[in-house]
Amino acid sequence: NLPLIPEALLSYRVEIYAQAFVEGGVTQFRGKSINLSHGFSGYGFGLTTLVLPYNIARLEFALNELGKSEIIFDLGISF
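Per my numbering, the sequence shown starts with residue -5, numbered consecutively.
1. What is the DSSP secondary structure of residue 54, counted as helix, strand or coil?
2. Would residue 57 pass as a contact of residue 7 if the rule is Cβ separation under 9 Å?
3. Verify the CB distance criterion: does residue 21 have a CB-CB separation below 9 Å to chain C?
4. Given this structure, state the Cα-to-Cα distance separating residue 66 from residue 40, to the nearest angstrom.
5. Below 8 Å, how does it come out for the segment 28 to 43 and the segment 9 to 18: are there three or more Cβ pairs, yes or no?
6. Which residues in the same chain have their Cβ closer than 8 Å to the Cβ of residue 18, if we skip the five residues on either side of it in sequence?
7. Out of 9, 54 and 44, which one is the CA nearest neighbour of residue 63?
8. Hey, residue 50 and residue 25: beta-carbon distance below 9 Å or not?
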């Protein structure tokens, strides 16, 4: 007597998270040393909506050190 739809898929929960982030990094090319004075940095904030067990939606707004903005919309888990 197997159910057509698994019990785990008959219920769900919804969560909303707000986050702020700061990030930075440098690039090293083969045969070259790392130059920390030519790094990149940015910051921003975002909202993540989690509807388990189905999917995750993420919306972020970010700025780099030059003030250039970027909006990121993503579905799924990055890693």
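We put the CB at the ideal spot given by N, CA and C, even for glycine. In this text the structure is predicted, and so the values were computed from the model without any measurement.
So, to answer that:
1. In the sequence shown, counting from the first residue as 1, residue 54 sits at position 60. Of the three classes helix, strand and coil, the one that applies to residue 54 here is strand, per DSSP.
2. Walking along the sequence shown from the start, residue 57 turns up at place 63. Walking along the sequence shown from the start, residue 7 turns up at place 13. With contacts defined as CB atoms closer than 9 Å, residue 57 and residue 7 fail to qualify as a contacting pair.
3. Looking at the structure shown, chain C is missing, and only one protein chain is on hand.
4. Within the sequence shown, the letter at position 72 stands for residue 66. Within the sequence shown, the letter at position 46 stands for residue 40. Between the C-alpha atoms of residue 66 and residue 40 there is a straight-line separation of about 9 Å.
5. By the Cβ test, the segment 28 to 43 is in contact with the segment 9 to 18, since at least three Cβ pairs between them sit closer than 8 Å.
6. Residue mapping note: residue 18 aligns to position 24 of the sequence shown, counting from 1. By the criterion of a C-beta distance shorter than 8 Å, residue 18 is surrounded in its chain by 33, 34, 35 and 36, once the five residues flanking it on both sides are discounted.
7. Here residue 63 corresponds to residue number 69 of the sequence shown, with the count starting at 1. Out of 9, 54 and 44, 54 has the C-alpha closest to the C-alpha of residue 63.
8. For the purposes of this step, residue 50 is taken as the residue at position 56 of the sequence shown. For the purposes of this step, residue 25 is taken as the residue at position 31 of the sequence shown. Their beta carbons are not under 9 Å apart, which means residue 50 does not touch residue 25 by this criterion.
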